[in-house]
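Asks: Chains as they are written, first to last, in the numbering used here: chain V, 71 to 169; chain L, 22 to 212; chain R, 6 to 351.
I am attaching a structure below and will ask some questions about it afterwards.
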Amino acid sequence: MFCPTDRFDHAPGVVLRPMPEWGCAYAYTPRRPALTELNTTAWLIAALCDGTTLAELERDFADTVQRVAGSNAARDTLHRGLALLVEAGIIARTEEAPR
Amino acid sequence: MSDRARTLLYLRALIDAGGALEEPRLEPVRLHVRTAGSIPPKAVMAAAGYIVVVWTWRIRPEVTRIEVEEWERAHARELDVAENAPRPMTEAGGAGITDAETGSVPSRSMLAYHGTVLARRSVFAPPGRTVQTLWGAWGEGRQWLEAILSKAPDTIAPEWLQPIARTVVDLRTRLMEGDPEVTVIDPSLPL
Amino acid sequence: MSEGLAGTPGAVGGTPWIGRPLKVTLCLTARCPLDCRACYADCGARPAADELDTATWLRLLDTLAADGVINVFVEGGEPLARGDAETILAHAAARMFTTLRTHAVTIDDATAARLKGCGIGRVYVDLMGAAAATHDAMVGTPGSLAAALAGIAALRRHAVPVSVLVILCRPNAGELPELARLAAGAGADELGVLRLYPLGRARRAWSALALSLDEQMAALGALAADPPAGLRLMQSWHPDDANCCWQNAAIDPWGHAIGCPYLRDYVDYGDLRTTPWLETWNHPLYRRLRAGAVDGHCPDCASSQLSSGGCRATAYAFHGRWDAPDPFCVTMNKGIDLRVLPDRPL
Numbered sequence: 071m072f073c074p075t076d077r078f079d080h081a082p083g084v085v086l087r088p089m090p091e092w093g094c095a096y097a098y099t100p101r102r103p104a105l106t107e108l109n110t111t112a113w114l115i116a117a118l119c120d121g122t123t124l125a126e127l128e129r130d131f132a133d134t135v136q137r138v139a140g141s142n143a144a145r146d147t148l149h150r151g152l153a154l155l156v157e158a159g160i161i162a163r164t165e166e167a168p169r
Numbered sequence: 022m023s024d025r026a027r028t029l030l031y032l033r034a035l036i037d038a039g040g041a042l043e044e045p046r047l048e049p050v051r052l053h054v055r056t057a058g059s060i061p062p063k064a065v066m067a068a069a070g071y072i073v074v075v076w077t078w079r080i081r082p083e084v085t086r087i088e089v090e091e092w093e094r095a096h097a098r099e100l101d102v103a104e105n106a107p108r109p110m111t112e113a114g115g116a117g118i119t120d121a122e123t124g125s126v127p128s129r130s131m132l133a134y135h136g137t138v139l140a141r142r143s144v145f146a147p148p149g150r151t152v153q154t155l156w157g158a159w160g161e162g163r164q165w166l167e168a169i170l171s172k173a174p175d176t177i178a179p180e181w182l183q184p185i186a187r188t189v190v191d192l193r194t195r196l197m198e199g200d201p202e203v204t205v206i207d208p209s210l211p212l
Numbered sequence: 006m007s008e009g010l011a012g013t014p015g016a017v018g019g020t021p022w023i024g025r026p027l028k029v030t031l032c033l034t035a036r037c038p039l040d041c042r043a044c045y046a047d048c049g050a051r052p053a054a055d056e057l058d059t060a061t062w063l064r065l066l067d068t069l070a071a072d073g074v075i076n077v078f079v080e081g082g083e084p085l086a087r088g089d090a091e092t093i094l095a096h097a098a099a100r101m102f103t104t105l106r107t108h109a110v111t112i113d114d115a116t117a118a119r120l121k122g123c124g125i126g127r128v129y130v131d132l133m134g135a136a137a138a139t140h141d142a143m144v145g146t147p148g149s150l151a152a153a154l155a156g157i158a159a160l161r162r163h164a165v166p167v168s169v170l171v172i173l174c175r176p177n178a179g180e181l182p183e184l185a186r187l188a189a190g191a192g193a194d195e196l197g198v199l200r201l202y203p204l205g206r207a208r209r210a211w212s213a214l215a216l217s218l219d220e221q222m223a224a225l226g227a228l229a230a231d232p233p234a235g236l237r238l239m240q241s242w243h244p245d246d247a248n249c250c251w252q253n254a255a256i257d258p259w260g261h262a263i264g265c266p267y268l269r270d271y272v273d274y275g276d277l278r279t280t281p282w283l284e285t286w287n288h289p290l291y292r293r294l295r296a297g298a299v300d301g302h303c304p305d306c307a308s309s310q311l312s313s314g315g316c317r318a319t320a321y322a323f324h325g326r327w328d329a330p331d332p333f334c335v336t337m338n339k340g341i342d343l344r345v346l347p348d349r350p351l
């Protein structure tokens with residue numbers, strides 16, 4: 071579904087409000103006015119989406135969760151979370167321009 | 022240290038402390054306060070012997086609130102049958118009840134679902150997964166309620182209770198983690 | 006009465022701690038074209054000279070957004086009575102989930118389209134009765150119910166989610182089931198029944214408007230007995246009596262932080278024109294109310310509401326103490342007659 075050179079960032083206008091007191095974050099998506107709660111894992115994925123490529127995301131996510139998940143499980147979890155975040159309009163994917 | 026670095030450090034520590042990687046989850050923040058259906062006034066409850074049974078339980082980690090709401094709708098639909106239509110409330114001995122304030126005779130189904138009160142009732146609240154499911158019953162409804170909450174569906178009489186009981190089994194097996202804590206609110210008991 | 010439920014204040018969840026508020030109510034103005042008998046803010050048609058101007062509201066919204074507010078509820082008076090209301094709403098909606106409370110009497114298709122376009126998440130419309138005679142008398146303006154229903158219809162044509170709100174009081178107590186059907190028929194997906202608070206004109210008209218607690222519960226019971234399909238009911242009486250101070254924030258039309266619109270006559274946490282927003286959040290009384298220490302609570306409400314003791318504004322109004330239990334809960338009422346306000350200066 072995703073390509074290693076795809077880049078991921080917060081969708082335009084999205085506001086991500088961390089809630090460290092509760093271990094979650096809230097996202098406001100103005101284009102489809104809605105508030106969404108992200109659990110810890112979803113929040114981590116969203117926080118890592120900073121114009122990063124999928125390959126970089128996989129590396130950084132696996133590194134962050136290495137004490138609790140192996141790299142294969144981490145990658146699968148990341149992909150599921152990314153799909154959710156993209157579908158919710160919180161994270162946007164841009165494809166790398168072909169060379 | 023940048024905000025991003027601080028956030029990632031915090032999340033790493035939080036995940037490490039939890040000991041497991043949770044499945045990513047997004048849930049809508051519902052601005053409405055979900056409310057349990059109305060429980061009758063105290064005086065009416067006392068006169069009719071209306072009990073409220075509360076199950077306090079934890080939602081399984083992989084189950085979303087939306088799934089709980091879908092269960093609620095299915096459960097409430099099963100209760101909406103002719104045998105459980107609202108009828109004028111009576112005391113245990115059969116005498117009618119009149120609401121002291123309005124002078125009217127209250128009508129209620131003998132077996133009622135009063136909703137699943139999510140631990141996160143307010144707009145924003147810590148992500149607790151504990152909820153309370155409330156049922157009410159009076160008259161013969163008290164036996165019906167006991168049956169659907171405690172017996173295997175196929176063993177229950179009358180038969181019209183069986184689909185309701187099956188939704189309760191669905192709640193316990195698919196949505197609930199562990200067993201519920203059960204509380205009975207009985208107006209006949211002293212405060 | 007109950008056995009087994011945690012009876013210790015805060016035993017289920019406790020009052021959660023929030024470092025910075027997530028949501029805020031903006032009381033944008035005390036202007037209103039109507040003349041409601043139950044008005045808490047003594048609203049009038051004349052603009053108040055000392056209400057915050059546009060630039061100040063926009064700056065405040067920027068500050069709120071920067072400090073973590075992600076949800077704003079804009080009410081008044083009648084917010085749309087301000088000429089700059091849509092500018093303020095659009096500015097808010099670009100930064101946080103924005104909802105609007107209005108009488109809807111001036112909302113036509115063009116207004117509804119603009120509200121939709123600027124990103125409003127939901128509109129809450131006050132209806133004070135199901136019958137035109139009831140509603141129009143309550144808001145002091147003939148033709149208001151018809152105008153409000155037309156406003157709701159315009160909003161629904163533009164797919165703006167609508168909730169109907171009603172302040173429960175003696176004139177409309179018998180009309181709740183009919184109001185629910187009216188709301189559902191108009192396309193609302195929620196009906197919120199609000200308490201009557203002893204503030205402003207409502208306080209002065211208390212003896213004519215107020216219901217006893219039993220009358221209130223009977224009205225709610227009639228409503229909940231047979232709600233229209235697809236209409237959510239919201240109410241904050243037993244067993245849903247929340248002490249929601251722990252998460253609430255509000256700003257009055259003159260820029261003062263007041264915690265909640267229902268505390269408007271009792272508290273002032275600071276003038277936001279001169280005091281930083283988060284400094285007002287940490288005002289000692291504000292922190293005290295958020296801590297949720299209350300003398301007596303309803304175990305049913307506490308276990309479902311993450312808080313103890315119910316509404317602080319009504320507790321204070323009837324008992325004169327911040328740690329008093331809320332007399333609007335059947336368990337905590339202790340024989341208080343809600344039709345009679347205490348004769349005591351506040």
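Here a beta-carbon is modelled for each residue, glycine too, at the ideal position from N, C-alpha and C.
Small disclaimer: the values here were computed from a predicted structure and weren't measured.
Under 8 angstroms between the Cβ atoms of Cys-44(R) and Ala-207(R)?
Replies: Yes, they are a contact pair.
Asks: Taking only heavy atoms of the ligand GTP into account, decide whether any of them is closer than 7 angstroms to the Cβ of Arg-36(R).
Replies: This structure does not include the ligand GTP; it has no bound ligands of any sort.
Asks: With a threshold of 16 other CB atoms inside 10 Å of the CB of Thr-103(R), please say whether the residue is buried or exposed.
Replies: Label assigned to Thr-103(R): buried.
Asks: Closest to Pro-203(R) by CA distance: which of Ala-71(R), Phe-323(R), Gly-82(R) is it?
Replies: Closest by C-alpha distance to Pro-203(R), out of Ala-71(R), Phe-323(R), Gly-82(R), is Phe-323(R).
Asks: Do Arg-292(R) and Trp-327(R) have their beta-carbon atoms positioned less than 8 angstroms apart in this structure?
Replies: no
Asks: Using only the alpha-carbon positions, how far apart do Ala-90(R) and Cys-303(R) sit?
Replies: 40 angstroms
Asks: What residues of chain L sit near Leu-108(V), judged by a beta carbon separation below 7 angstroms?
Replies: Leu-47
Asks: If you compare alpha carbons, which of Asp-219(R), Leu-160(R), Glu-195(R) is closest to Arg-175(R)?
Replies: Cα-wise, what sits closest to Arg-175(R) is Asp-219(R).
Asks: Are the C-beta atoms of Pro-103(V) and some chain R residue less than 8 angstroms apart?
Replies: So, interface residue.
Asks: Could you tell me if Gly-314(R) is buried or exposed, where buried requires 16 or more neighbouring beta carbons within 10 angstroms of its beta carbon?
Replies: buried
Asks: What did DSSP end up calling Ala-153(V) once you bin it into helix, strand or coil?
Replies: helix
Asks: Within 10 angstroms of its Cβ, does Gly-226(R) collect 16 or more other Cβ (buried), or is it exposed?
Replies: buried
Asks: Count Cβ pairs between the segment 172–183 of chain L and the segment 191–198 of chain L that sit closer than 8 angstroms; are there 3 or more?
Replies: no
Asks: Which chain V residues are close to Thr-28(L), counting only those with a beta carbon under 7 angstroms from its beta carbon?
Replies: Within 7 angstroms Cβ-Cβ: Pro-88, Ala-117.
Asks: Does the Cβ-Cβ distance between Leu-80(L) and Leu-196(L) come in under 8 angstroms?
Replies: The residue you asked about is not Leu; residue 80(L) is Ile in the sequence shown. Result yes, Cβ atoms of Ile-80(L) and Leu-196(L) sit closer than 8 angstroms.
Asks: To the nearest whole angstrom, what separates the beta carbons of Trp-165(L) and Leu-182(L), a pair I think is in contact under 8 angstroms?
Replies: 6 angstroms
Asks: Taking C-beta to C-beta, are Gly-111(V) and Ile-160(V) nearer than 8 angstroms?
Replies: Residue identity check: residue 111(V) is Thr in the sequence provided, not Gly. Going by C-beta atoms, Thr-111(V) is not nearer than 8 angstroms to Ile-160(V).
Asks: What are the boundary residues of the alpha helix (DSSP H) that includes Leu-283(R)?
Replies: 282–286
Asks: How is Gly-205(R) classed by DSSP in three states: helix, strand or coil?
Replies: helix
Asks: Could I get the ranges of all uninterrupted beta strand (DSSP E) runs contained in the segment 70–123 of chain R, with 3 residues as the minimum, in chain order?
Replies: 76–80, 102–107
Asks: Could you check the C-alpha separation between Leu-27(R) and Ala-262(R) for me, to the nearest Å?
Replies: 15 angstroms
Asks: Using a beta-carbon distance below 8 angstroms, is Gly-226(R) in contact with chain L?
Replies: yes
Asks: Using a Cβ-Cβ cut-off of less than 8 angstroms, give me the residues of the segment 151–163 of chain V that come near chain L, in sequence order.
Replies: Gly-151, Leu-154, Leu-155, Ala-158, Ile-160
Asks: When we look at the beta-carbon of Gly-162(L) and count the other beta-carbons within 10 Å, is it buried (16 or more) or exposed?
Replies: buried
Asks: Going by the CB atoms, is the gap between Gly-124(R) and Pro-103(V) shorter than 8 angstroms?
Replies: Yes, Cβ-Cβ distance for Pro-103(V) and Gly-124(R) is below 8 angstroms.
Asks: Please classify Asp-353(R): does DSSP put it in a helix, a strand, or coil?
Replies: Outside the displayed span of chain R (6 to 351) sits residue 353(R), for which this structure offers no information.
Asks: Can you tell which of Val-335(R), Leu-173(R), Gly-197(R) has the C-alpha that lies nearest to the C-alpha of Asp-246(R)?
Replies: Checked all of Val-335(R), Leu-173(R), Gly-197(R); the closest Cα to Asp-246(R) is Val-335(R).
Asks: What's the gap between the Cα of Tyr-129(R) and the Cα of Ser-168(R)?
Replies: If I take the Cα positions, the gap works out to 5 angstroms.
Asks: My understanding is that Ala-69(L) touches Met-110(L), with C-beta atoms under 8 angstroms, so please give their C-beta distance in whole angstroms.
Replies: 5 angstroms
Asks: Could you work out which residue in Cys-41(R), Ala-95(R), Ala-71(R) is closest to Gly-147(R) when comparing CA atoms only?
Replies: The question names Gly, but residue 147(R) is Pro in the sequence shown. Among Cys-41(R), Ala-95(R), Ala-71(R), the Cα nearest to that of Pro-147(R) belongs to Cys-41(R).
Asks: Measuring CB to CB, does Ile-206(L) end up less than 8 angstroms from Val-138(V)?
Replies: no
Asks: How big is the Cα-Cα spacing for Leu-277(R) and Asp-58(R)?
Replies: 13 angstroms
Asks: Under a Cβ-count criterion, where at least 16 other Cβ atoms within 10 Å of its own Cβ denotes burial, should Leu-283(R) be classed as buried or exposed?
Replies: If you draw a 10 Å sphere on the C-beta of Leu-283(R), you find fewer than 16 other C-beta atoms in it, and that means exposed.
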